[in-house]
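J.: Numbering-wise (the working numbering), the sequence shown opens with residue 55 and increments by one. Even glycine gets a Cβ: it sits at the ideal position worked out from N, Cα and C.
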Amino acid sequence: MLVCGIDEAGRGPLAGPVVVAAVVFPHEFRINGVKDSKKLSPRKRDYYYNLIIQNCISYQIQVINNDVIDKINILKSTMLGIKRCLKQLKIKKELVLIDGNYFVLNNNLHKKYNYRLIVKGDDKVFHISAASVIAKVTRDRIMEFMDSLYPEYNFIKNKGYPTRKHIETVKKIGITGIHRKTFCEKYL
55 MLVCGIDEAG RGPLAGPVVV AAVVFPHEFR INGVKDSKKL SPRKRDYYYN
105 LIIQNCISYQ IQVINNDVID KINILKSTML GIKRCLKQLK IKKELVLIDG
155 NYFVLNNNLH KKYNYRLIVK GDDKVFHISA ASVIAKVTRD RIMEFMDSLY
205 PEYNFIKNKG YPTRKHIETV KKIGITGIHR KTFCEKYL
């Protein structure tokens, strides 16, 4: 049986996209040491990212930018990323495991996928943990590139999250083209 794990990275930051990843492995396949991306060092995440990509049957990454997040909200943006990942994967998935407690497919897609929601799935299920690593590494790389465009915001370190220094910078010099306006309103 083929199992698809899905997770996202970047729901809470003030800047940058939300990234959704889907990874397909055989049900019994594991890579020792892969766990929730938040519990791995950046170096280990990069190491496992490469192992996951090399060993998975298929994977898909969707990047939903800050403009879409501002327009439809973060929850709908995450759902959009999940739906796009499922649509883009070209193989049949017998089971889809999604991190979290909320996801809704329309009637046509609901019949097509056997999916389960697992709260803290990125910490409990290998397939979701693998997706969390792919999503986190992808998002971190995007934010590291954004640091070269907006060095005063220190995205290389804060990855767009609302650290004290990031909030101070937003208050002092304003927002960039990658900031989520709806997330920054309370700081301006």
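For N104 and V187, what's the separation of their Cα atoms in angstroms?
T.: Here residue 104 corresponds to residue number 50 of the sequence shown, with the count starting at 1. Here residue 187 corresponds to residue number 133 of the sequence shown, with the count starting at 1. N104 and V187: Cα-Cα distance of roughly 10 Å.
J.: Is the number of C-beta pairs between the segment 204-224 and the segment 106-118 that are closer than 8 Å three or more?
T.: no
J.: State the beta-bridge partners of R170 as determined by DSSP.
T.: By 1-based counting over the sequence shown, the position of residue 170 is 116. In DSSP, R170 forms a bridge with L151.
J.: Give the C-beta separation of V57 and R65 to the nearest angstrom, bearing in mind that I take them to be a contact with Cβ-Cβ under 8 Å.
T.: By 1-based counting over the sequence shown, the position of residue 57 is 3. By 1-based counting over the sequence shown, the position of residue 65 is 11. The beta-carbon separation of V57 and R65, rounded to 23 Å, does not stay under the 8 Å limit for a contact.
J.: May I ask you to list the residues that DSSP assigns as paired with C238?
T.: Translated into the one-based positions of the sequence shown, residue 238 becomes position 184. BP columns for C238 are empty, so no partner.
J.: Please determine, among H233, I111, C238, the residue with the shortest C-alpha to C-alpha distance to L203.
T.: Within the sequence shown, residue 203 is the residue found at index 149, counting from 1. Measuring from the Cα of L203, the nearest candidate turns out to be H233.
J.: Between the alpha carbons of T236 and D124, how many angstroms are there, rounded?
T.: Taking the sequence shown and counting its residues from 1, one reaches residue 236 at position 182. Taking the sequence shown and counting its residues from 1, one reaches residue 124 at position 70. C-alpha separation (whole angstroms): 6 Å.
J.: Measuring alpha carbon to alpha carbon, tell me which residue in K190, C110, D201, L143 is nearest R99.
T.: Counting from 1 along the sequence shown, the entry for residue 99 is found at position 45. Of the listed residues, the one whose Cα sits closest to R99 is K190.
J.: Taking only three categories from DSSP, how would you classify V77?
T.: In the sequence shown, counting from the first residue as 1, residue 77 sits at position 23. The answer is strand: DSSP assigns V77 an E or B state.
J.: Rounding to the nearest angstrom, what Cα-Cα distance links N120 and G70 in this structure?
T.: Along the sequence shown, one-based indexing puts residue 120 at 66. Along the sequence shown, one-based indexing puts residue 70 at 16. C-alpha separation (whole angstroms): 6 Å.
J.: For S112 versus K141, is the C-beta distance shorter than 8 Å?
T.: Your numbering for residue 112 matches position 58 in the sequence shown. Your numbering for residue 141 matches position 87 in the sequence shown. Cβ distance not < 8 Å, so S112 and K141 don't count as in contact.
J.: Determine the closest residue to V74 out of N168, I196, G228, E62, with distance taken between C-alpha atoms.
T.: Here residue 74 is taken as the residue at index 20 of the sequence shown, counted from 1. With distances taken between Cα atoms, V74 lies closest to E62.
J.: Enumerated in chain order, which unbroken segments of the alpha helix (DSSP H) with a length of 4 residues or greater are wholly contained in the segment 111-135?
T.: 120-126
J.: Measuring only the C-alpha atoms, how far is V238 from Y102?
T.: The sequence position of residue 238 within the sequence shown is 184, counting from 1. The sequence position of residue 102 within the sequence shown is 48, counting from 1. Note that residue 238 is Cys in the sequence shown here, rather than Val. Roughly 33 Å separates the two Cα atoms.
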